[in-house]
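Chemist: Numbering (this note's numbering), first residue to last: 8 to 171.
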Amino acid sequence: MLRLRTFAFLTLLLPALLPVTGCARVCPAIGWNNSVTVALAGDTRNVAWVQLCTPEACSRAAERPIPQPVLPTATATPTGANGLGFPPGGGPAVHRIVVEKVGAATWRFSFDMDSPGSATVRALDAVGGTLAEEKVPLNWQRIGGTAECGGPSTAAPVTLAVNP
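(1) Among A46, S42, T137 and K108, which has the Cα closest to the Cα of M120?
(2) Using a Cβ-Cβ cutoff of less than 7 Å, which residues in the same chain neighbour A133 once the five nearest sequence positions on both sides are dropped?
(3) Look at T166 and A48 and say whether their C-beta atoms are less than 8 Å apart.
(4) At what residues does the beta strand (DSSP E) containing V109 begin and finish?
(5) Measure the Cβ-Cβ separation of G158 and L145 and say whether it is below 8 Å.
(6) Might you give, ordered along the chain, the residues of its own chain that have their beta carbon closer than 6 Å to the beta carbon of P171, omitting 5 neighbours on each side?
(7) How many Å lie between E70 and V106 at the Cα?
(8) Decide if I37 is buried, meaning its Cβ has at least 16 other Cβ atoms within 10 Å, or exposed.
(9) Between which two residues does the beta strand (DSSP E) containing P144 stretch?
(10) How many whole angstroms separate the CB atoms of W114 and V169, which I take to be in contact at a CB cut-off of 8 Å?
(11) I think A68 touches G135, with their Cβ atoms under 8 Å apart; what is that distance to the nearest whole Å?
(12) Using 10 angstroms around the beta-carbon of T1, count the other beta-carbons present and answer buried if the total reaches 16, otherwise exposed.
(13) Near A139, which residues of its chain fall below 6 Å by C-beta distance, leaving aside the five closest residues on each side in sequence?
(14) Would you kindly report the start and end of the unbroken beta strand (DSSP E) that includes R129?
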């Protein structure tokens, strides 16, 4: 008897719930990386590393960077609720650019859910000197996800000419 009542209750409840859940669009709670590839052209013999900078951040400038101590800023308060000295929701924005050497003269740069409109690309020698530098526009195209929820994008490849 209890099973019959439960079945009857669910049968009546199901049509009432379908319109509510059928119209809602839920995006998965995930993140993604956007990427751009930089290829070098010309005399690359002295190139040790490639760096990419956006108006907000730069990738590392060497294959094995020297660790830098993280010091609080003068405006940070020691009682920040997030343990970083900043009030919740405050503090500097984090724009991380990950670099990976993927070929003899090719590097891939990844951005955490960020797609900057332009970047400055530098070819660096072993001591960090600039061998070539160019500001380039980045034109992004989504390669996954949906228009409603977003998803990973890739920018057209960038070629940086290095002259002797």
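For glycine and all other residues, C-beta sits at the position ideal for the given N, C-alpha and C.
Modeler: For this structure:
(1) Here the question's residue 120 lines up with position 113 in the sequence shown. Of the listed residues, the one whose Cα sits closest to M120 is S42.
(2) As a first step, residue 133 must be located in the sequence shown, where it is residue number 126. Once the five neighbours on either side are set aside, the close Cβ partners of A133 are A55.
(3) By 1-based counting over the sequence shown, the position of residue 166 is 159. By 1-based counting over the sequence shown, the position of residue 48 is 41. In this structure, A48 lies closer than 8 Å to T166 by Cβ.
(4) The residue you call residue 109 lines up with position 102 of the sequence shown. Run containing V109: I104 to G110, per the beta strand (DSSP E) assignment.
(5) Here residue 158 is taken as the residue at index 151 of the sequence shown, counted from 1. Here residue 145 is taken as the residue at index 138 of the sequence shown, counted from 1. Their beta carbons are not under 8 Å apart, which means G158 does not touch L145 by this criterion.
(6) Here residue 171 corresponds to residue number 164 of the sequence shown, with the count starting at 1. Closer than 6 Å at Cβ, skipping near neighbours: D50.
(7) As a first step, residue 70 must be located in the sequence shown, where it is residue number 63. As a first step, residue 106 must be located in the sequence shown, where it is residue number 99. C-alpha separation (whole angstroms): 9 Å.
(8) Numbered from 1 along the sequence shown, position 30 holds the residue referred to as residue 37. The residue in question, I37, is exposed, as its Cβ has fewer than 16 Cβ neighbours within 10 Å.
(9) What you label residue 144 is simply residue 137 of the sequence shown in a count that begins at 1. For P144, the uninterrupted beta strand (DSSP E) run begins and ends at T137 to P144, by DSSP.
(10) Taking the sequence shown and counting its residues from 1, the one referred to as residue 114 is at position 107. Taking the sequence shown and counting its residues from 1, the one referred to as residue 169 is at position 162. Their Cβ separation, rounded to whole angstroms, is 13 Å, which puts W114 and V169 out of contact at 8 Å.
(11) Residue numbering aside, residue 68 sits at position 61 when the sequence shown is read from its first letter. Residue numbering aside, residue 135 sits at position 128 when the sequence shown is read from its first letter. Yes, A68 and G135 are in contact; Cβ-Cβ is about 6 Å, under 8 Å.
(12) Outside the modelled stretch of the chain, which goes from 8 to 171, sits residue 1, for which no answer is possible.
(13) The residue you call residue 139 lines up with position 132 of the sequence shown. Excluding positions up to five away in sequence, the list reads A130, L167 and V169.
(14) The sequence position of residue 129 within the sequence shown is 122, counting from 1. First-last of the beta strand (DSSP E) with R129: S125 to L131.
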